[in-house]
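Engineer: Here it is, the structure, as structure tokens.
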Amino acid sequence: MASRNTIVAHVEDRPGVLARVASLFRRRGFNIESLTVGHCEEPGLSRMTIVVDGNDHQVDQACRQLFKLIDVISVQDITYTPMVDRELALIKVAATNFNRREVLDVVEVFRADVVDVHAEALMVQVLGDEGKVDAALAMFEQFGILEMVRTGRVAMRRGTQTTKPPGISDSQQAAAAIRAMLGRRPEGALPFASD
Amino acid sequence: MRLTGARILMECLRAEGVEVFFGYPGGVVLPLYNTLGEYPDIKHVLVRHEQAAAHAADGYARVAGRTGVCLATSGPGATNLVTGITTAYMDSVPMVVLTGNVARDLIGRDGFQEADITGITLPITKHNYLLMRASEIAPAVKEAFHIASTGRKGPVLVDIPKDVFIEEAEWDGYPEGVSLRGYPIMDVPREEEVEAAAKIINQAEKPIVIAGHGVVQSSAQTELVDFAERSDTPVLTTLLGISGMPQDHELSYGFLGMHGHFYANMAADRADVVIGIGMRFDDRAMGRFNAFNPGAKIVHIDIDPAEIGKNFKTHAPVNGDVKVTLERLLPQLKQASHPQWRAEIDEIMLQHPTDYVEEGTLLSGPWLVQALAESTGGDATIVTGVGQHQMWAAQYYPYNRLRQWVTSGGLGTMGYEIPAAMGAQFAQREPIWSICGDGGFQMTSQELQTVADHNLPVRFAIFNNGFLGMVRQWQELFYANNYHSVDLGQPDFVKLAEAYGVRGVRATTRADALQLFRELEDYDGPVVIDFQLEREENVWPMVPAGAALSETIESAADL
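From first to last, the protein sequence lines stand for chains G and P. Using our numbering, read the first sequence as starting at 175 and increasing by one per residue. Using our numbering, read the second sequence as starting at 32 and increasing by one per residue.
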């Protein structure tokens, strides 16, 4: 079954790491829906949230190939774990004295924020998961969208579970996570011998 | 002690025990060449084209079982390495590739002979480095050798700008260890994986092993034999797995794949349990994926977790080093016996022997390889190019000794045969036999000069049929005899050899060939032998592209 999987990878904060990841995805033919990179709780590391379009088998492959990069410290597919995912969109909506109130009604419904105002436009900031941002965009469409930008997804597991990478002494842990996936049965797989 | 970057690099190579490396100088690596004289224990072999430096390091690595090293200058020097690096990457050969680059302040400004070699080699190296300080050299080189030679082996490139070679840094000895958080060593398999694999193998009635390059890389020949004997499992190899299993062993049943042995392909197709060991279920080995033995349970042992489940669904994945894994698996195996299964394969072998040698006086490929095997007692190290001669060399030479077989399997690089044999000759004293195609030979023949410089006793046996043979075979069989661009004009190979100061000889009949083999026994210099073969001989058996292993054909009549 094709789906959009959310992968969290911790990588060394070094020049060229993004190129390595991008090169890998391109070469292996994996589709990146979005990719966001930024700092995380540990100095020297960056956290990537990658949304991959593909079936479970392809996503498994993507994770394992990603893990092989020397600069990638840990890879986790958190799609099927309880998590919070968010993206942010800035939307410049056409709005004049005649319809500004209507636009603001929509802003309110989506609990979005107006971050800039002009006689002929409003800049709206929408924060939420992908579905909410999609829905807001669809509503603003009727007024005329002059410009739009979305950040791509960031995500974090719920509760006390983290995706924090293992320390330098136990890189075996990251390996174990990848190994655990070896036993995972991809969609449409032949029955396993143990069945 | 403060040393220049160039000296630090050489100190690192010395500490790694590098005895030979292959290179070609140029502007930005001059500071390095300026110090080479101070390190006479590290032999620098001057090649005539950088591609050859990479192939030579690769050939050396495969025969020596150590990490090969090569060096090139920036720009065109570095880009010329690309084919050689990709060859090594596809076949998981440990290599450290050193390149110079333009001075730091010129990087990114398209200066003379600048190429972004770390960018270019991203998808064809296991890892690469661009070093911006002399102090980074020692830790990076230590990491490079570590990464190249552990786990799934492969090439690692280290790019050093000219002024970093000149810059001084503190040298307080070669680093003792590496600290790579994102690179765990995964040699030891999980116990439950080993148990699950053992359970399937113990229940098998018609098991088969497909042994790949991982067996060779991990030097696990003994462990493989123990495994096969205990579980009474016939062993096939992939093209690169040849020499991983001694062929004179009664459980050895040849290699499988597009031009593999007929009985090997059938055995793989009829087995109830397929045990892949250090191999990657490549399309050339397995035939059409969705038609391969659908009933078989698959056990897959490999060091690289990304290979497991990549092409086939695996019933028992075992992620670990081949040698370590086999050692752990062995005690869990029941002593088994599969006489009926072996009789079934023996019967196929009897009906379809690997004996396509016809009577006659003309030189045929299979005959020539068999004659070579007899004259060398089956113990020569064979290096090949790519094409018909490569397949005949794989099919007809009896490989028993580990690392006796060197070929470009994954990338299929024509022109590999001369430089790889040259590099391999630095790893052993006994003459290397380089089985060459007349097409591939013309791609890298400039290296005869390097061979002559060092008086290397390589025997270059050109299987000369005047055609780009394998392509011609496909045009004959699948493109209705429409030959195009396969009839290769060629120089007089004997005169060419002589022009380089290399002995050149020619054989046109079987009697000539036998006579030559005898003559060369005591010759300790390089030789080029122009074996003039029948022009339009085909390689059989064959799995046509897109067909299943079960559809292996043995002659054009079967098409």
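Every residue gets a Cβ at the ideal spot worked out from N, C-alpha and C, and that includes glycine.
Can you name the start and end residues of the beta strand (DSSP E) that G285(P) belongs to?
Structural biologist: First-last of the beta strand (DSSP E) with G285(P): S283 to F286.
Engineer: Decide if the region 209-228 of chain G is in contact with the region 181-199 of chain G; the criterion is three or more beta carbon pairs, one per stretch, under 8 Å apart.
Structural biologist: They touch, by the three-pair rule.
Engineer: According to DSSP, simplified to helix, strand and coil, what is E207(G)?
Structural biologist: Note: E207(G) maps to strand in three-state DSSP.
Engineer: Hey, is T149(P)'s beta-carbon within less than 8 Å of any beta-carbon in chain C?
Structural biologist: Judged by its chain identifiers, the structure shown contains no chain C, and its protein chains are G and P.
Engineer: Are any of the Cβ atoms in chain G nearer than 8 Å to that of P192(P)?
Structural biologist: Cβ-Cβ to chain G under 8 Å: no for P192(P).
Engineer: Alpha carbon to alpha carbon, how far is R537(P) from Q563(P)?
Structural biologist: Those two C-alpha atoms are separated by around 8 Å.
Engineer: With a threshold of 7 Å on Cβ separation, who are the neighbours of V209(P) within its own chain once the five nearest residues in sequence on each side are excluded?
Structural biologist: Closer than 7 Å at Cβ, skipping near neighbours: K173, E174 and H177.
Engineer: Just checking my contact of I116(P) with P186(P) at CB under 8 Å: how many whole Å lie between their CB atoms?
Structural biologist: Rounded, the Cβ-Cβ distance is 5 Å, consistent with contact.
Engineer: What is the DSSP secondary structure of G142(P), reduced to helix, strand or coil?
Structural biologist: In this structure, G142(P) counts as coil in the three-state DSSP scheme.
Engineer: Is H408(G) buried or exposed, if buried means 16 or more other CB atoms sit within 10 Å of its CB?
Structural biologist: Not covered by the structure: residue 408(G). The range shown for chain G is 175 to 369.
Engineer: Quick one: what's got a C-beta closer than 7 Å to F317(G)'s C-beta in the same chain, skipping five residues either side?
Structural biologist: Taken in chain order, the residues that qualify are V267, A268, A269, N273 and V277.
Engineer: Pick helix, strand or coil for A579(P), following the three-state DSSP scheme.
Structural biologist: Three-state result, A579(P): strand.
Engineer: Please name the residue, chosen from W571(P), Q521(P), L499(P) and Y531(P), that lies closest to H485(P) on a Cα-to-Cα basis.
Structural biologist: Nearest option by C-alpha distance: Y531(P).
Engineer: Is P154(P) close to chain G? Criterion is C-beta to C-beta, closer than 8 Å.
Structural biologist: For P154(P), the answer is yes, since a Cβ of chain G falls inside 8 Å of its Cβ.
Engineer: Could you tell me how far apart the beta carbons of A295(P) and L271(P) are, in whole angstroms, since I believe they sit closer than 8 Å?
Structural biologist: Incorrect: roughly 14 Å between the Cβ atoms, too far for contact.
Engineer: What are the boundary residues of the beta strand (DSSP E) that W27(P) is part of?
Structural biologist: There is simply no residue 27(P) to check, as chain P begins at 32 and stops at 590 in what is shown.
Engineer: With DSSP as the reference, please indicate the residues paired to T114(P) in a beta bridge.
Structural biologist: According to DSSP, T114(P) bridges with nothing at all.
Engineer: Report the residue ranges of all alpha helix (DSSP H) runs contained in full by the region 253-317 of chain P; include only those spanning at least 4 residues, in chain order.
Structural biologist: Within the region 253-317 of chain P, the complete alpha helix (DSSP H) runs of at least 4 residues are 293-301 and 314-317.
Engineer: Between the alpha carbons of R324(G) and V182(G), how many angstroms are there, rounded?
Structural biologist: Rounded to the nearest angstrom, the two C-alpha atoms are 19 Å apart.
Engineer: I'd like the list of long-range same chain contacts for Y293(P), defined as Cβ closer than 6 Å, with 5 residues on each side in sequence excluded.
Structural biologist: According to the sequence provided, residue 293(P) is Phe. The question's Tyr does not apply to it. These residues qualify, in order along the chain: H383, P572 and T583.
Engineer: Mark T156(P) as exposed unless 16 or more other C-beta atoms lie within 10 angstroms of its C-beta, in which case mark it buried.
Structural biologist: T156(P) is buried by the Cβ-count criterion.
Engineer: With DSSP run on the structure shown, which of helix, strand or coil describes D303(G)?
Structural biologist: If DSSP states are grouped into helix, strand and coil, D303(G) belongs with coil.
Engineer: What's the call for T337(G), buried or exposed, on a 16-neighbour Cβ count within 10 Å?
Structural biologist: Flag for T337(G) reads buried.
Engineer: Compute the Euclidean distance between the alpha carbons of V256(P) and A200(P), then round it to the nearest angstrom.
Structural biologist: If I take the Cα positions, the gap works out to 50 Å.
Engineer: Counting contacts by CB-CB distance shorter than 8 Å, is K242(G) in contact with chain P?
Structural biologist: With 8 Å as the cut-off, K242(G) counts as an interface residue toward chain P.
Engineer: In or out: N321(P) buried (at least 16 other Cβ within 10 Å) or exposed?
Structural biologist: N321(P) is exposed by the Cβ-count criterion.
Engineer: For the region 334-352 of chain G, enumerate the residues whose C-beta is nearer than 7 Å to any C-beta of chain P, in chain order.
Structural biologist: Residues passing the 7 Å Cβ filter: I342, S345, Q346, A348, A349 and I352.
Engineer: Helix, strand or coil, according to DSSP, for D335(P) in the structure here?
Structural biologist: DSSP places D335(P) in coil when its eight states are reduced to three.
Engineer: What residue from E304(G), I244(G), Q250(G) and M313(G) has the CA that sits closest to Q335(G)'s CA?
Structural biologist: Of E304(G), I244(G), Q250(G) and M313(G), the residue nearest in Cα terms is Q250(G).
Engineer: With H, G and I counted as helix, E and B as strand and the rest as coil, what does DSSP make of V94(P)?
Structural biologist: V94(P): helix per DSSP, three-state reduction.
Engineer: According to a CB-to-CB cut-off of less than 7 Å, which residues of the region 166-191 of chain P neighbour chain G?
Structural biologist: Answer in chain order: I178.
Engineer: Roughly how many angstroms lie between the CA atoms of A298(P) and T110(P), to the nearest whole one?
Structural biologist: Roughly 43 Å separates the two Cα atoms.
Engineer: Report all residues from its chain with a CB closer than 7 Å to the CB of Q299(G); omit the five preceding and five following residues, and keep chain order.
Structural biologist: Once the five neighbours on either side are set aside, the close Cβ partners of Q299(G) are L262, L264, A286, D287 and V289.
Engineer: Identify every residue that forms a DSSP beta bridge with K266(G).
Structural biologist: K266(G) is bridged to M297(G) and E321(G).
Engineer: Quick one: what's D561(P) bridged to in DSSP?
Structural biologist: Paired residue(s): I493(P) and R537(P).
Engineer: Please identify, using Cβ separations under 7 Å, the residues of the region 204-216 of chain P that lie next to chain G, in order along the chain.
Structural biologist: Taking 7 Å as the Cβ-Cβ cut-off against chain G, the residues of the region 204-216 of chain P that qualify are S210, L211, R212, G213, Y214 and P215.
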